[in-house]
Amino acid sequence: MKMRRHTLVLLILSLALNAIFAGAMAASDSNAGSSNASGATASDDSGFRPGINGFAFQNYGDDIATVDLTPAEMHRMFGDKVCACLKDGNCTLTYPAQMWMEAAISAMRYGHCEGLAVLSDLIYYSKVNPSGFGGQNAIDLSLKDELLQREIGYWWVTQVTSPGGSERIKDSPNVVLDTLAQSFALGKNADEWWVMGLYLPDGSSGHAITPYAVEDMGNGISKIMVYDNNWPKSERYVEVNRTANTWSYQASINPNEKSTLYTGNASTKTLEIVSISSRLGQQKCEFCDADNSTASNLGSSASTASSASSGTKGNMQIWQNGKAKVLVTDDEGREVGFLDTGQMVNEIPDAEIRILKFAPDEPPMPVIFVPLSSSDDDTEISVNVSSTAANDSENMSAEVEANLAKTSIIAPGFALSSEVNDLQQGQHQSIDLVKEDEEYSMNITGNLMEAPMIAVGTDLNQITISGLNALPGKFISFSLNPASGAFNMLTGGAGLMQFKMNSTDPLTGALSTFLGSDLSMNRGDSFSLNLANSFGGAGSGSSPSFSIDRAGGLTENVGLKDLSATNNMNSLNSSKQNQSNVTTTAIPISAPSGMFGSSFDKSDDDSDSFDSFDSFDSSEMPGFSGGMPGGFNMPSGF
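Residue numbers for the sequence shown follow numbering that gives the first Met the number 0, so the first one is 0 and each next one is one higher.
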């Protein structure tokens, strides 16, 4: 009897438990399929898991030697128009493309989080096949694989391209949450994939992570589950308070470092998600010369010129490395960049400050995009670079690292770089540039004596100059006309100038290099050079020469040493070769023709002051006929 009672009790309990379990399952299914009032479900999950679909290695900078980009990746990303020559499948980059690539590589030394976040998602959604890098999932891959290094670099740089880095939702936390929930609810069938950007309240220190699920925790709290490449294999989350419309996340460079609290709300808009699908196609080459005849640059590959865009205004991109901040001012006094207070400002229509994502550390300056005016207007900008290096004079026992600061300005068909070995606290440099039609002119000066390394050029030619000591407020001015090949320079300093010119043959891709060493230059000296047909290599009879117009009226013709044979044996501009993380000093640029007269007498004006775009009467400078071309007026303090 007791046995029967016991069996009956067990049967009743079993039936009751089954009923409770069935009810719970029904409730769970109902919960998973319906949205709450705010739009998110109890659990919307893409299926991505950091322990399988994330990388086994941690986010890295220059602590690991990697090959981040080569001409092959540039060609893949932008098409034939980045090639000065395309022969036998090998792309020899134009100099603007080469210098853009080098600026991006230099920035990557602060971290690769964007590339890791994007590529892990693409592998999971079967848009990139990991077998080419030696595994079936991201977790299987080793950073020792050079092709993987380059693939990470490729996807990192799409945060700067268009449309790759421009398709984003930078809105309230609730909008970001709901957008992700809708995407994750479709699992691997989602029609959009996202990389998440986190920023501190002031918009600085961007970091990229991979979101993969949304969980409703109740009481207005939701979690966005993320793969953070600073924490391999870990499941972490961004917390969103739906009621307050706020978010927070504890981030750090690695598990052994102190974490930084990232927070924001509907007003700060410091939580963003950026489209990944927009990065899959060929990207717009904003630094390619839209109106330049691509056929003339490609030589034997001229049939590919139809891929070039046309009729676009383009923009100037300002990249800054080193401890420095940048403020760009146009001819109407409008500003974009960073004020002395560190506050971000953007008053120029259609200008953009693109904050790059690295890790919660001290990343370099954002990339500043300044739109070029239409063909019937001039573009005038002044780029002021100010040191942000700390004053270490109170701690003389500490070894102070030099603040190597390099400013790169890249635009369609030209680029410019100016590099200072040690931009000290309180030191600044200004680069004033004018574009008129397809021509450019520029002045470089600083508030302290400096000897910047300067590089200017066009698609096929690049000139690098060093050794000139510029006094405070004294200008080194350049003009380069890419159409005629006329290059001119007027010195506001003195020293033993080192002059190097590289030229690319558009038919063969051969690199010609010409060198002038220890050229004595005095303040007020000018020189001119014709870059047209300057390629050809040793023995071709085409070695160029330039003339120096001395301040006293004497003109000298100077020959250049041809190093072409040596250079072509060790060419660095090849799609098959490594591009290191150390950038060179070159960057192409173009400017108006007729910049200087045939001779020039030294001016006795010792004024050190300069107001951007002040008027100047060229008659004050004998031999300097017509003033600066393109409407750019030389300051009287030159």
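The C-beta atom is built at its ideal place from N, Cα and C for all residues, glycine as well.
- prompt: Given a threshold of 16 other Cβ atoms within 10 Å of its Cβ, counted over all protein chains shown, does residue 257 qualify as buried or as exposed?
  reply: exposed
Inter-residue Cα distance where the pair is residue 51 and residue 497: 54 Å
- request: Report the residue from 474, 370 and 559 whose alpha carbon sits nearest the alpha carbon of residue 525.
  value: 474
- request: Could you say which of 326, 495 and 240 lies nearest to residue 344 if we only look at CA atoms?
  value: 326
query: Alpha carbon to alpha carbon, what distance is there between residue 165 and residue 237?
result: 23 Å
- prompt: Which parts of the stretch 48-105 are runs of the alpha helix (DSSP H), unbroken and 4 residues or longer, counting only runs that do not cross its ends?
  reply: 49-52 and 70-77
query: What does a CB cutoff of less than 6 Å around residue 195 pick up in its chain, not counting 5 residues either side in sequence?
result: 208, 210 and 272
- prompt: What residue range is occupied by the uninterrupted alpha helix (DSSP H) comprising residue 282?
  reply: Per DSSP, residue 282 belongs to no alpha helix (DSSP H) and is neither H nor E.
Rounded distance between the beta-carbons of residue 560 and residue 486, thought under 8 Å: About 18 Å separates the two Cβ atoms, so there is no contact after all.
message: Can you tell me where the alpha helix (DSSP H) holding residue 173 begins and where it ends?
response: 172-183
message: For the beta strand (DSSP E) containing residue 407, name the first residue and the last one.
response: 404-410
task: Report buried or exposed for residue 157, applying the criterion of at least 16 other Cβ atoms within 10 angstroms of its Cβ.
output: buried
- request: Tell me, please, whether the stretch 413-421 touches the stretch 328-344 by the rule of three or more beta-carbon pairs shorter than 8 Å.
  value: no
message: Check for me: the beta strand (DSSP E) holding residue 384 runs from which residue to which?
response: 377-386
Nearest neighbour of residue 426, chosen from 134, 446, 111 and 282 [CA to CA]: 446
- prompt: For residue 434, is the beta carbon positioned less than 7 Å from some heavy atom of the ligand NAD?
  reply: Here there are no bound small molecules, and the ligand NAD is not part of this structure.
field: residue 107 - DSSP class collapsed to helix/strand/coil
entry: helix
- prompt: Do residue 96 and residue 73 come within 8 Å of each other at the CB atom, strictly closer than that value?
  reply: yes
task: Return the Cβ separation of residue 239 and residue 149 in integer angstroms, given the expectation that the two are a contact with Cβ distance under 8 Å.
output: That belief does not hold up - the Cβ atoms of residue 239 and residue 149 are roughly 36 Å apart, past 8 Å.
task: Please classify residue 471: is it buried, with 16 or more other beta-carbons within 10 angstroms of its beta-carbon, or exposed?
output: exposed
query: What's the call for residue 323, buried or exposed, on a 16-neighbour Cβ count within 10 Å?
result: buried
task: Pull up the distance between the alpha-carbon of residue 406 and that of residue 413, whole angstroms please.
output: 14 Å
query: With a cut-off of 8 Å, do at least 3 Cβ pairs link the stretch 275-283 to the stretch 74-81?
result: yes
message: Could you check whether residue 68 and residue 104 sit closer than 8 Å to each other, using their CB atoms as the reference points?
response: yes
Where residue 554 falls, given that 16 or more other Cβ within 10 Å makes a residue buried: exposed
- prompt: Where does residue 63 land, buried or exposed, given buried means 16+ other C-beta within 10 angstroms?
  reply: exposed
Secondary structure of residue 323, DSSP reduced to three states: strand
field: Cut-off 7 Å between Cβ atoms - residues of its own chain near residue 319, not counting five sequence neighbours on either side
entry: 325, 363, 364, 384 and 406
task: Taking residue 153 as part of the alpha helix (DSSP H), name the residues at either end of that continuous run.
output: 145-156
Cβ distance (whole Å) where residue 163 is taken to contact residue 109 below 8 Å: Actually they do not touch by this definition, with Cβ atoms about 19 Å apart.
- prompt: Hey, how far is the Cα of residue 501 from the Cα of residue 260?
  reply: 48 Å
field: For residue 352, the first and last residue of its enclosing beta strand (DSSP E)
entry: 351-353
- prompt: Anyone know if the C-beta pair for residue 58 and residue 229 falls short of 8 Å?
  reply: yes
- request: Please go through the same chain and pick out, in chain order, the residues whose beta-carbon is closer than 7 Å to the beta-carbon of residue 219, but skip the five residues on each side of it.
  value: 240, 241 and 242
- prompt: Does residue 195 come within less than 8 Å of chain B when only Cβ atoms are used?
  reply: You won't find chain B in this structure, because it holds only one protein chain.
- prompt: Which first and last residues belong to the alpha helix (DSSP H) in which residue 117 is found?
  reply: 112-123
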